[in-house]
Ligand SMILES: [Mn+2]
């Protein structure tokens with residue numbers, strides 16, 4: 003199905019209006035509301051939701067309904083990501099067994115939410131094929147909304163797509179797959195006439211030695227990547243890219259996360275070196291296992307760092323681990339930080355989108 007032609011929507015933005023862009027909400031309605039409030043979103047802005055508003059987080063159905071209500075106001079425009087294409091399940095019963103397995107494994111997501119809202123226990127279902135007809139009848143507006151959404155939105159100066167655009171290829175010749183599934187799009191060489199604004203790939207994964215969840219802007223390629231790792235990363239945030247008016251390249255952003263904010267009291271010098279161990283490249287050898295911290299060697303690079311022992315997935319000598327860094331942030335008294343983790347040595351915090359350690363006092 004995803005090799006089918008993509009639907010493209012053209013949008014003209016009224017003069018003087020801000021464009022706000024949010025991607026990869028992943029069912030996290032409090033973060034979505036939070037970032038809109040922080041951006042001061044109003045009826046005099048245009049909001050683009052750049053795909054993957056569903057799945058992985060706790061409230062996909064609630065997020066969908068909130069998004070539908072925003073779209074009814076006329077100034078919100080959503081497009082589909084690779085996690086949102088659920089309306090396709092009514093075109094064939096072929097994959098129903100796998101879909102049911104997915105629902106039972108995740109215990110969250112749009113279908114999980116709909117089944118529960120319809121009073122159906124997912125664990126009691128004999129087959130998904132019969133009950134999905136019930137879902138179709140029970141949630142007609144939700145399915146109609148999803149079935150209409152485009153895979154890209156184009157304005158005179160920007161293309162909004164969930165994951166990627168292929169350079170040199172007409173937007174209208176793209177398949178759904180090409181726009182919604184490419185990983186690490188920013189690592190590919192390209193140069194676009196219009197700015198391409200994507201989500202899909204958490205921007206922290208572009209960092210080598212440090213972790214920063216703020217949007218990445220490549221002015222050579224004309225690509226902006228905005229996925230702050232909401233839901234997917236423990237220290238993730240939801241970004242809203244702010245474009246002051248159609249045609250502007252003066253990109254700004256606000257970010258939202260739900261961590262407690264505290265004030266730095268002591269000056270801290272940054273570490274001379276640091277490393278970021280991340281998903282997909284997270285095999286470590288445990289050199290000394292401790293109660294709270296363990297000294298580990300990252301297998302591929304040989305880099306050694308202390309990792310919170312609870313971040314090690316197994317008790318083995320070689321194990322995968324949660325995303326982590328030993329980056330010590332440059333901080334000054336008065337800086338506001340979000341506290342992600344506390345430990346006996348210090349806190350793992352975020353400062354202006356960058357995650358790392360702080361060993362001084364907080365108030
Ligand atoms: Mn995605």
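Residue numbers (our numbering): 3 to 365. Note that CB positions come from ideal geometry on N, CA and C, so glycine has one too. Predicted model, so just to flag it, every value in this text is computed and none were measured.
Proximity test, residue 362 beta-carbon vs ligand 1 heavy atom, cut-off 6 Å: Counting from one through the chain shown, the residue named residue 362 turns up at place 360. Result no, Cβ not under 6 Å from ligand 1.
What residues sit near ligand 1, counting only those whose C-beta is closer than 5 Å to one of its heavy atoms, in chain order? 54, 83, 84 and 202
Quick check on residue 15: buried or exposed, where buried means 16 or more other Cβ atoms within 10 Å of its Cβ? Position 13 of the chain shown holds residue 15. So residue 15 counts as buried.
In the DSSP assignment, the beta strand (DSSP E) including residue 349 goes from what residue to what residue? Reading the chain shown from its first residue, position 347 is the one you call residue 349. Here the beta strand (DSSP E) through residue 349 covers 349–353.
Between which two residues does the alpha helix (DSSP H) containing residue 179 stretch? Along the chain shown, read from residue 1 onward, the residue named residue 179 stands at position 177. Residues 178–182.
From 49, 107, 139 and 108, residue whose alpha carbon lies closest to that of residue 89: Reading the chain shown from its first residue, position 87 is the one you call residue 89. Checking every option, the nearest Cα to that of residue 89 belongs to 139.
Identify which residue in 157, 152 and 35 has its Cα closest to the Cα of residue 13. The residue given as residue 13 occupies position 11 in the chain shown. With distances taken between Cα atoms, residue 13 lies closest to 157.
In the DSSP output, which residue or residues are listed as bridge partners for residue 344? For this step, residue 344 is matched to residue 342 along the chain shown. Per DSSP, 349.
Thinking residue 54 and residue 202 are a contact (beta carbons under 8 Å), I'd like their distance in whole angstroms, please. By 1-based counting over the chain shown, the position of residue 54 is 52. By 1-based counting over the chain shown, the position of residue 202 is 200. Confirmed, about 7 Å.
Among residues of its own chain, excluding the 5 on either side of residue 59, which ones have a beta-carbon nearer than 6 Å to its beta-carbon? Within the chain shown, the letter at position 57 stands for residue 59. Hits under 6 Å: 28, 29, 30 and 233.
Taking 8 Å as the threshold, find out whether the stretch 31–51 comes into contact with the stretch 172–180 through three or more Cβ pairs. no
Between which two residues does the alpha helix (DSSP H) carrying residue 131 extend? Here the question's residue 131 lines up with position 129 in the chain shown. Unbroken alpha helix (DSSP H) run through residue 131: 130–140.
Could you tell me which residues DSSP puts in a beta bridge with residue 11? Taking the first residue of the chain shown as position 1, residue 11 is located at position 9. Its beta-bridge partners are 155.
Find the nearest neighbour of residue 205 within the set 334, 263 and 278, judged by alpha-carbon distance. On the chain shown, residue 205 is found 203 positions in, with the first residue counted as 1. The shortest C-alpha separation from residue 205 is found at 278.
Roughly how many angstroms separate the alpha carbons of residue 95 and residue 193, rounded to a whole number? Here residue 95 refers to the residue found at position 93 of the chain shown. Here residue 193 refers to the residue found at position 191 of the chain shown. Roughly 41 Å separates the two Cα atoms.
So, do the stretch 63–70 and the stretch 205–222 have three or more beta carbon pairs nearer to each other than 8 Å? no
Does DSSP classify residue 77 as helix, strand or coil? Taking the chain shown and counting its residues from 1, the one referred to as residue 77 is at position 75. If DSSP states are grouped into helix, strand and coil, residue 77 belongs with coil.
The beta strand (DSSP E) spanning residue 166 covers which residue range? On the chain shown, position 164 is the one that residue 166 refers to. Looking at the DSSP string, residue 166 is not in any beta strand (DSSP E), and its letter there is neither H nor E.
In angstroms with no decimal places, state the Cα-to-Cα distance between residue 305 and residue 322. Working through the chain shown from its first residue, we reach residue 305 at position 303. Working through the chain shown from its first residue, we reach residue 322 at position 320. Answer to the nearest angstrom: the Cα atoms are 15 Å apart.
Of all the beta strand (DSSP E) runs that stay within the bounds of the stretch 256–335, which reach a length of 3 or more residues? 263–265, 285–290, 295–300, 306–310 and 320–322
Once you ignore the five residues that flank residue 246 on each side, which residues in its own chain have a CB closer than 7 Å to its CB? Your numbering for residue 246 matches position 244 in the chain shown. Result list for residue 246: 20 and 252, in chain order.
If I follow the unbroken beta strand (DSSP E) through residue 226, where does it start and stop? Position 224 of the chain shown, counting from 1, holds the residue named residue 226. Taken as a continuous stretch (DSSP letters only), the beta strand (DSSP E) holding residue 226 covers 225–227.
On the CB-based measure, 16 or more other CB atoms within 10 Å of its CB, does residue 294 come out buried or exposed? By 1-based counting over the chain shown, the position of residue 294 is 292. The residue in question, residue 294, is exposed, as its Cβ has fewer than 16 Cβ neighbours within 10 Å.
According to DSSP, is residue 378 helix, strand or coil? No information on residue 378 is available, as it lies outside the stretch 3 to 365 that the chain covers here.
State the Cα-Cα distance for the pair residue 127 and residue 104, rounded to the nearest angstrom. Your numbering for residue 127 matches position 125 in the chain shown. Your numbering for residue 104 matches position 102 in the chain shown. About 13 Å.
Once DSSP output is grouped into helix, strand and coil, what is the label at residue 62? Against the chain shown, residue 62 aligns to sequence position 60. Residue 62: helix per DSSP, three-state reduction.
Would residue 353 pass as a contact of residue 331 if the rule is Cβ separation under 7 Å? Within the chain shown, residue 353 is the residue found at index 351, counting from 1. Within the chain shown, residue 331 is the residue found at index 329, counting from 1. Cβ atoms of residue 353 and residue 331: closer than 7 Å.
Can you list the alpha helix (DSSP H) stretches of 4 or more residues lying completely in the stretch 8–57, in chain order? 31–41
The alpha helix (DSSP H) enclosing residue 105, as first and last residue numbers: Reading the chain shown from its first residue, position 103 is the one you call residue 105. 98–108 is the span of the alpha helix (DSSP H), which, as asked, contains residue 105.
How many Å lie between residue 70 and residue 218 at the Cα? For this step, residue 70 is matched to residue 68 along the chain shown. For this step, residue 218 is matched to residue 216 along the chain shown. C-alpha separation (whole angstroms): 28 Å.
With 7 Å as the threshold, decide whether the Cβ of residue 40 is near any Cβ in chain B. Here there is only one protein chain, and chain B is not present.
Beta-bridge pairing of residue 119 - partner residues as DSSP gives them: Indexing the chain shown from 1 puts residue 119 at position 117. Paired residues: none, contrary to the question.
Buried or exposed: where does residue 241 fall if 16 or more other Cβ atoms within 10 Å of its Cβ makes it buried? As a working note, residue 241 is residue 239 in the chain shown. Classification for residue 241: buried.
According to the neighbour-count rule (16 or more other Cβ atoms, all chains shown, within 10 Å of its Cβ), is residue 100 buried or exposed? By 1-based counting over the chain shown, the position of residue 100 is 98. Counting Cβ neighbours within 10 Å, residue 100 comes out exposed, since fewer than 16 surround it.
Closest to residue 52 by CA distance: which of 227, 168, 316 and 298 is it? To locate residue 52, count along the chain shown from 1; it is residue 50. Of 227, 168, 316 and 298, the residue nearest in Cα terms is 227.
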